[in-house]
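To start, the structure itself, in structure tokens.
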Amino acid sequence: MTLQIELVAADRVVWSGEAREVIARTAEGDIGVLTGHAPLLSLLVPGVVEIFPVDGDTVRAAVSEGFISVAADRVSILSEDTFLADEVDESALTAELEKARSSDDEAAVRRAEAKLRLIGKAS
């Protein structure tokens with residue numbers, strides 16, 4: 000048995016497919032979802048989502064605030080901004096982080112830091 004995963008940004012479906020497991024960061028802490036998980040609706044916080052597909056490499060994406068929904072082995076992850084690792088430009092991200100810090104925009108700082116974790120860089 001597998002999970003059907005939909006990772007969706009405001010403007011596109013970022014990833015869709017079958018997976019064995021998904022890990023996401025919610026307002027209550029990190030959550031891992033396997034087949035047979037109890038129904039759930041929770042708030043996402045900026046962080047990295049990891050999807051372990053049935054076939055292929057682990058999918059890692061940075062997400063901003065949003066929602067995760069789990070029901071009947073279907074997982075929907077909805078976030079305004081969602082970026083896969085290969086979509087993140089490190090130099091642009093560094094500028095984004097500095098701008099957020101200089102304007103004291105704590106939410107923007109958290110989003111930029113999530114993208115840095117995605118590409119394996121400390122903030």
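Numbering (numbering that gives the first Met the number 0), first residue to last: 0 to 122.
All C-beta atoms in this analysis are idealised placements derived from N, C-alpha and C, irrespective of residue type, glycine included.
Where DSSP assigns a beta bridge to residue i, which residues make up the other side?
{"i": "Ala-60", "result": "Val-48, Leu-83"}
{"i": "Arg-73", "result": "Gln-3, Ala-70"}
{"i": "Asp-29", "result": "Arg-24"}
{"i": "Gly-65", "result": "Leu-43, Ser-78"}
For the alpha helix (DSSP H) holding residue i, just list the boundary residues, first then last.
{"i": "Thr-93", "result": "89-101"}
{"i": "Val-108", "result": "105-117"}
Should residue i go down as buried or exposed, given a rule of 16 or more other Cβ atoms within 10 Å for buried?
{"i": "Ser-101", "result": "exposed"}
{"i": "Ala-60", "result": "buried"}
{"i": "Ala-113", "result": "buried"}
{"i": "Ser-15", "result": "exposed"}
{"i": "Gly-65", "result": "buried"}
{"i": "Ser-78", "result": "buried"}
{"i": "Arg-11", "result": "exposed"}
Over the uninterrupted beta strand (DSSP E) stretch that includes residue i, give me the two end residues.
{"i": "Leu-42", "result": "39-43"}
{"i": "Leu-2", "result": "2-7"}
{"i": "Glu-17", "result": "12-25"}
Run the proximity test for residue i: is its beta-carbon closer than 7 Å to any non-hydrogen atom belonging to the ligand PLP?
{"i": "Ile-30", "result": "The ligand PLP is not part of this structure, which contains no ligands at all."}
Would the segment 14-30 count as touching the segment 48-60 if we require 3 or more Cβ pairs under 8 Å? Yes, the segment 14-30 touches the segment 48-60.
Are the segment 21-29 and the segment 37-51 touching by the rule of at least three beta carbon pairs closer than 8 Å? Yes, the segment 21-29 touches the segment 37-51.
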